[in-house]
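Numbering (the working numbering), first residue to last: -14 to 325. By construction, the Cβ of each residue, glycine as well, lies at the ideal position given by its N, Cα and C atoms.
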């Protein structure tokens, strides 16, 4: 989810100046109050990108302060690129020593910054946690890594970087707010977002179990040691005494074709019946959890199931939902006349 922070008019003005003035190398941006605001402009004193980095960017990077950095990295003669090719890169710099709340704000506002300034202006987006990553050597490593990746559109690359940044910022201890309405919200642990992002990329265990911590009122990852590979294994991995949100990549073969759809299960066992307030939290949070999984972690959920007991989940049920049998219609037959 986004943070609700917006771009200030002052930032728009400074950004337009950066676009128009080739003597500027970059723009530093911070979050002040409820707005994205300009912090400083960086001059360009050399045609060499690496030299400008060393002289003008590196002195501004602190080990405990997050920043957005927009850099003029490419020129109009770059590799014969068309004139309308974006010349800028946008960097989200979130050092490990930054405060958790600052990590959360910068991660969750990143997409807002790119969209409101205009994603068409940026050739790529970068997430960094150390100043060294933004040094000339760091950019060289980034370029080598990017060259190995499969080609993506800029929109796909931006979205993927945003999701990874939001998951990685403050990993392990951070939390993110997921909003149900203007008056109700609940934090989701960052490690839960990391697990969902891995599942979307077909990495990790292929199994994510989430619970609500009723005391802290947070959505948390259940660190389960099991790695279910079948529906039967999955059923055994879901608790029978408490509600759970479960995401599972179901690899199976149907009529000779293998597929691996992601399934979502909401279980609410009868044994949890006495904990009325606790049980009520789950249906209220279900929509928000699904929204985070799909829009931020990039999960495409093929089917959703809601049952009371985990043992109601059977392979027959799942397959019937994934591969419904086509209805066979028979032609209408006129009844025979009496006596014939």
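Range of the contiguous beta strand (DSSP E) that encloses residue i
| i | result |
| --- | --- |
| residue 286 | 286 to 292 |
| residue 86 | Unbroken run through residue 86 is the alpha helix (DSSP H), 85 to 102; no beta strand (DSSP E). |
| residue 77 | 73 to 78 |
Where residue i falls, given that 16 or more other Cβ within 10 Å makes a residue buried
| i | result |
| --- | --- |
| residue -1 | buried |
| residue 37 | buried |
| residue 270 | buried |
| residue 347 | There is simply no residue 347 to check, as the chain begins at -14 and stops at 325 in what is shown. |
| residue 105 | exposed |
| residue 265 | exposed |
| residue 308 | exposed |
| residue 285 | exposed |
| residue 182 | buried |
| residue 27 | buried |
| residue 268 | exposed |
| residue 175 | buried |
| residue 130 | exposed |
| residue 227 | buried |
| residue 52 | buried |
| residue 213 | buried |
| residue 252 | buried |
| residue 195 | buried |
| residue 88 | buried |
| residue -6 | exposed |
| residue 248 | buried |
Simplified DSSP state of residue i, which is helix, strand or coil
| i | result |
| --- | --- |
| residue 267 | helix |
| residue 190 | coil |
| residue 23 | strand |
| residue 17 | strand |
| residue 46 | coil |
| residue 109 | strand |
| residue 203 | strand |
| residue 60 | coil |
| residue 116 | helix |
| residue -9 | strand |
| residue 283 | coil |
| residue 12 | strand |
Residue range of the unbroken alpha helix (DSSP H) whose run includes residue i
| i | result |
| --- | --- |
| residue 301 | 300 to 307 |
| residue 5 | -6 to 5 |
| residue 56 | It is not in any alpha helix (DSSP H) - residue 56 instead sits in the beta strand (DSSP E) that spans 52 to 57. |
| residue 175 | 175 to 185 |
| residue 363 | Missing from the structure shown is residue 363; the chain here goes from -14 to 325 and no further. |
Residue i CB to nearest heavy atom of the ligand FAD below 8 Å
| i | result |
| --- | --- |
| residue 190 | This structure does not include the ligand FAD; it has no bound ligands of any sort. |
Open item on the list: Counting beta carbon pairs with one atom in the region 183 to 197 and one in the region 287 to 295, are three or more of them shorter than 8 Å?
Closed with: no
TODO: Could you tell me whether the region 71 to 78 touches the region 106 to 125, using the rule of 3 or more Cβ pairs below 8 Å?
DONE: yes
TODO: Evaluate the contact criterion for the region 115 to 125 versus the region 13 to 24: three or more CB pairs, one atom per stretch, below 8 Å.
DONE: no
Task: Complete alpha helix (DSSP H) runs within the region 206 to 257 (minimum length 4 residues, chain order) - done: 216 to 222
TODO: Could you tell me whether the region 89 to 101 touches the region 32 to 50, where touching means 3 or more Cβ pairs closer than 8 Å?
DONE: no
Open item on the list: Could you check whether the region 214 to 222 touches the region 293 to 306, counting it as contact only if at least three pairs of C-beta atoms, one from each stretch, sit closer than 8 Å?
Closed with: yes
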